[in-house]
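Read the structure below first, then the notes.
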Amino acid sequence: MATAGAVGVSGSVGHATSLASRALYQVARVLLWVIAKVYWRMTISGREHIPASGPYIVAPVHRSIVDSLVICAVTRRRLRYMGKAELWKPGAVSWFLYSLGGFPVRRGGADREALRRCIEVIEMGEPLVIFPEGTRQSGELVQELFEGASFVAARTGVPIIPVGIGGSEAIMPKGSKMIRPGRIHLEIGPPIPAPAVPDGGRAPRRAIAETTEHLYRDLQVLFDSARRRVGSGP
19 MATAGAVGVS GSVGHATSLA SRALYQVARV LLWVIAKVYW RMTISGREHI
69 PASGPYIVAP VHRSIVDSLV ICAVTRRRLR YMGKAELWKP GAVSWFLYSL
119 GGFPVRRGGA DREALRRCIE VIEMGEPLVI FPEGTRQSGE LVQELFEGAS
169 FVAARTGVPI IPVGIGGSEA IMPKGSKMIR PGRIHLEIGP PIPAPAVPDG
219 GRAPRRAIAE TTEHLYRDLQ VLFDSARRRV GSGP
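The end of the sequence shown is residue 252 by this note's numbering, with every number in the run present.
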């Protein structure tokens, strides 16, 4: 499996901690929920696997930009997420993205800064979204995963929650500028424990690789199930 890639740019992970930014997030979440339920007839299964409290990593498949919008439906708590640095324009756009829980990263190469920011989010007690396939993919098969989710889990001791998303690629495939009506289903799987870490040490690379393989297998099962639920899978 590949290692995580993306280097953080200017901006504070803690920027989005104010009451105003949290209120903005909840308003945006409700609006997205209504749109998803009405326009995309979104359904969700497996919500019992989401921890009621404490930090964790949400690791969804990634077939559409729509995934970044609907993933907030898995919990009422505010989710934090990485976004490509190109989205962070100076001024109001940057403030808005920070307020919604985002923080920018530059994709490609070693990504110590982005991983450090992810660890900071977890240490602040907030759930974090990491798309382990990296950028948007296409097709029925889960692609090779980056190890960032497993690495952050190992460093923080939090579980990884795999999520299959069915139907989003038909609604807005990669490269499309049109959002179509359709059906979306989110299938949430059981938590995957963080890689074992020796006392006072770091998780061995083998343990991180094994956790990533575990995540890969679970994501494929959940993705297949979610696609069947919307009628786009065998």
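Backbone N, C-alpha and C define an ideal beta-carbon position, used for all residues, glycine too. Fair warning: this is a prediction, and the values are worked out from it, not measured in the lab.
* Asked: Does DSSP put Ala128 in a helix, a strand or coil?
  -> Position 110 of the sequence shown, counting from 1, holds the residue named residue 128. No answer about Ala128 holds up, because its pLDDT of 48 lies below 50 and its placement is not dependable.
* **Straight-line Cα distance separating Ser86 from Glu104** => As a working note, residue 104 is residue 86 in the sequence shown. As a working note, residue 86 is residue 68 in the sequence shown. About 16 Å.
* Could you tell me how far apart the beta carbons of Val248 and Gly184 are, in whole angstroms, since I believe they sit closer than 8 Å? => As a position in the sequence shown, residue 248 is number 230, starting the count at 1. As a position in the sequence shown, residue 184 is number 166, starting the count at 1. Confirmed, Cβ separation roughly 5 Å.
* Asked: Would the region 88-98 and the region 154-163 be scored as touching if the rule is three or more Cβ pairs under 8 Å?
  -> no
* When we look at the beta-carbon of Ala128 and count the other beta-carbons within 10 Å, is it buried (16 or more) or exposed? -> Reading the sequence shown from its first residue, position 110 is the one you call residue 128. Confidence at Ala128 is low in this model, with a pLDDT of 48, below 50, so the placement of that residue should be treated as unreliable; the coordinate-derived value is given next. Ala128 is exposed by the Cβ-count criterion.
* Mind checking Glu187: buried by the 16 CB within 10 Å criterion, or exposed? -> Start at 1 with the first residue of the sequence shown, and residue 187 comes out as number 169. Buried.
* To do: Would you mind sorting Ser82 into buried or exposed? The rule is 16 or more other CB atoms within 10 Å of its CB.
  => Here residue 82 is taken as the residue at index 64 of the sequence shown, counted from 1. Ser82 is buried by the Cβ-count criterion.
* **N- and C-terminal bounds of the beta strand (DSSP E) containing Ile178** => As a working note, residue 178 is residue 160 in the sequence shown. Taken as a continuous stretch (DSSP letters only), the beta strand (DSSP E) holding Ile178 covers Ile178 to Gly184.
* **Segment contact, 8 Å Cβ cut-off, at least three pairs: the region 107-114 with the region 63-75** => no
* To do: Between the Cα of Pro191 and those of Glu138, Val84, Leu37 and Phe149, spot the shortest distance and give me the residue it belongs to.
  => In the sequence shown, counting from the first residue as 1, residue 191 sits at position 173. Among Glu138, Val84, Leu37 and Phe149, the Cα nearest to that of Pro191 belongs to Val84.
* Residue range of the alpha helix (DSSP H) that Tyr43 falls in? -> On the sequence shown, position 25 is the one that residue 43 refers to. Taken as a continuous stretch (DSSP letters only), the alpha helix (DSSP H) holding Tyr43 covers Leu37 to Tyr57.
* Asked: By DSSP, does Tyr234 sit in helix, in strand, or in coil?
  -> As a working mapping, residue 234 is identified with position 216 in the sequence shown. Residue state, collapsed to three classes: helix.
* Asked: Which first and last residues belong to the beta strand (DSSP E) in which Val76 is found?
  -> Within the sequence shown, the letter at position 58 stands for residue 76. Ile75 to Pro78 is the extent of the beta strand (DSSP E) around Val76.
* Closest to Glu141 by CA distance: which of Thr153, Val48 and Val170 is it? -> Within the sequence shown, numbered from 1, the residue matching residue 141 stands at position 123. Nearest C-alpha to Glu141: Val170.
* Residues in its own chain within less than 6 Å of Arg98 by CB, not counting five upstream and five downstream? -> Counting from 1 along the sequence shown, the entry for residue 98 is found at position 80. Closer than 6 Å at the Cβ level, and outside the excluded window around Arg98, lie Gly119, Val139, Glu144 and Leu146.
* Asked: In this structure, does DSSP put Val92 in helix, strand or coil?
  -> One-based indexing of the sequence shown puts residue 92 at position 74. Three-state result, Val92: helix.
* Asked: From His80, Lys195, Gln44 and Leu240, pick the residue whose C-alpha is nearest to that of Phe164; which is it?
  -> Taking the first residue of the sequence shown as 1, we reach residue 164 at position 146. Nearest C-alpha to Phe164: His80.
* Asked: For Ile148, which of Ala172, Pro180 and Glu131 has the nearest alpha-carbon?
  -> As a working mapping, residue 148 is identified with position 130 in the sequence shown. Out of Ala172, Pro180 and Glu131, Pro180 has the C-alpha closest to the C-alpha of Ile148.
* **Strand pairing of Thr61, partner residues [DSSP]** => Sequence index remark: in the sequence shown, residue 61 carries index 43 (1-based). BP columns for Thr61 point to His203.
* Asked: Start and end of the alpha helix (DSSP H) containing Arg173?
  -> As a position in the sequence shown, residue 173 is number 155, starting the count at 1. Segment Gly166 to Thr174, the alpha helix (DSSP H) holding Arg173.
* When the Cα atoms are used, what is the spatial distance from Gly219 to Gly175? -> Residue numbering aside, residue 219 sits at position 201 when the sequence shown is read from its first letter. Residue numbering aside, residue 175 sits at position 157 when the sequence shown is read from its first letter. If I take the Cα positions, the gap works out to 13 Å.
* Ile137 by DSSP, collapsed to three states: which one? -> One-based indexing of the sequence shown puts residue 137 at position 119. It is helical.
* Asked: Does the separation of the CB atoms of Ala172 and Ala212 fall below 7 Å?
  -> The residue given as residue 172 occupies position 154 in the sequence shown. The residue given as residue 212 occupies position 194 in the sequence shown. Contact: yes.
* Given Val215, which residues of its chain have a CB within under 7 Å of its CB, disregarding the five upstream and five downstream residues? -> Residue 215 sits at position 197 when you count from the first residue of the sequence shown. The answer, listed in chain order, is Ala172 and Ala221.
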